[in-house]
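With positions in the sequence shown counted from 1, the corresponding number in the numbering used here is that position plus 42. First comes the structure, then the notes that go with it.
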Amino acid sequence: MRIAVISDIHGNLAALEAVLAAVAGRCDQVWCLGDVVGYGARPNECVDVVRTRATVALCGNHDLAALGRLDTTDFSGDAGAAARWTGNELGAEERAWLESLSPLAARDGAQLFHGSPRDPVWDYVLSEEVALESLLATTAPIVLVGHSHVALALGWDGEELAGGLAPAETEVELDRARWLLNPGSVGQPRDGDPRAAWLLIDDETRRASFMRVPYAVAETQAEIRERGLPPALAARLAHGI
Ligand code: ZN
Numbered sequence: 043m044r045i046a047v048i049s050d051i052h053g054n055l056a057a058l059e060a061v062l063a064a065v066a067g068r069c070d071q072v073w074c075l076g077d078v079v080g081y082g083a084r085p086n087e088c089v090d091v092v093r094t095r096a097t098v099a100l101c102g103n104h105d106l107a108a109l110g111r112l113d114t115t116d117f118s119g120d121a122g123a124a125a126r127w128t129g130n131e132l133g134a135e136e137r138a139w140l141e142s143l144s145p146l147a148a149r150d151g152a153q154l155f156h157g158s159p160r161d162p163v164w165d166y167v168l169s170e171e172v173a174l175e176s177l178l179a180t181t182a183p184i185v186l187v188g189h190s191h192v193a194l195a196l197g198w199d200g201e202e203l204a205g206g207l208a209p210a211e212t213e214v215e216l217d218r219a220r221w222l223l224n225p226g227s228v229g230q231p232r233d234g235d236p237r238a239a240w241l242l243i244d245d246e247t248r249r250a251s252f253m254r255v256p257y258a259v260a261e262t263q264a265e266i267r268e269r270g271l272p273p274a275l276a277a278r279l280a281h282g283i
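Right under this line is the structure:
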């Protein structure tokens, strides 16, 4: 089986469509690690696409904020403004679907979290320390996390933690270690590569491959500005920050 793992779409429909075009015909399943909405201008369309295509979907902190289920005082000004805008924009069906999601899940051979095992909604896995803690708190061969918008691959063989940032074309051998993998973000990458990120897990070759796809950044930026969302949310997309 081949699985496409996506995360942190954030209402960026052009990026989501570019990723799914790259995935088409190559993967049997799509798993989504959450934050389908928030920041971007097309929340309903992104929800509709993900709920149709994904076999597993988690909710993230931005999804919960848009639903009004999370206090947004911890959000930056732009993130809070976007969460309130998204909350007003969400349709009834899209809202109901988001309401049905959990921030964690388990599948054969994998445990999935939006944030981390310690706190599936809020915690960021951005250090070796938290990565190791996450691996030690789980048992599945593969631990998948999103939330930080930074693609990561860290392997634990029982003695040593190896790996780190996972730029485009990084590949890992799944049987070499237990892995903590973050696919990076579809709709708002923050690792300096503005291209939409996704992760291909191939059960037969036993490899995971970090993929990047260019998309129409200008289209998404124009939508953000037209809807009156904070302009910085458009500007950052050009730089992948
Ligand atoms: Zn996010």
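Just so you know, even glycine gets a beta-carbon here, dropped at the ideal spot from N, CA and C. As the structure is a prediction and not an experimental result, all values here were calculated from the model.
Going by Cα to Cα distance, which pick from the options is closest to residue i?
i    : options                : result
L178 : A219, Q71, E141        : A219
D105 : E268, A204, R126, V228 : R126
E136 : D235, Q230, V92        : V92
V61  : Q230, L143, R160       : Q230
V255 : E246, V163, D70, A63   : A63
A182 : S169, L203, D150, E170 : D150
P145 : A46, V98, G122, E170   : V98
G76  : D70, G67, C88          : C88
W240 : T212, A83, A260        : T212
A258 : H156, L279, T94        : L279
A193 : T94, A173, D120        : A173
A96  : I48, D116, N103        : I48
V44  : I51, A204, D50, R68    : One point to set straight first is that residue 44 is Arg, not Val, in the sequence displayed. Selected option, being the one with the closest Cα: R68.
List the DSSP bridge partners of residue i.
i    : result
D150 : DSSP, once it has assigned bridges, lists no residue as partnering D150.
I45  : Q71, I243
E213 : S251
A54  : The sequence given here has Asn at residue 54, not Ala. According to DSSP, which records beta bridges pairwise, N54 is partnered with nothing at all.
L207 : L194
F155 : L146, V187
V98  : W73
W139 : Beta-bridge pairing links W139 to no other residue.
How about residue i and residue j: do their beta carbons lie closer than 9 Å?
i    : j    : result
A250 : D244 : yes
D217 : G282 : no
S185 : A152 : Checking the sequence shown, residue 185 turns out to be Val, not Ser. Yes.
R284 : S190 : Here the chain covers residues 43 to 283 and nothing more, so residue 284 does not appear.
V72  : A46  : yes
G53  : R84  : yes
G188 : G157 : yes
E141 : L109 : yes
E175 : P159 : yes
Considering only heavy atoms of the ligand HEM, does any lie closer than 8 Å to the CB of residue i?
i    : result
T262 : Of the ligands one can find in the structure shown, namely the ligand ZN, none is the ligand HEM.
Using a Cβ-Cβ cutoff of less than 7 Å, which residues in the same chain neighbour residue i once the five nearest sequence positions on both sides are dropped?
i    : result
T114 : A107, G122, A125
A147 : V98, L100, L154
Can you find the residues in the same chain that come closer than 8 Å, C-beta to C-beta, to residue i, ignoring five residues on each side of it along the sequence?
i    : result
E202 : none
### Task
Report all residues for which the CB-ligand distance to some heavy atom of the ligand ZN is below 5 Å; order them along the chain.
D50, D77
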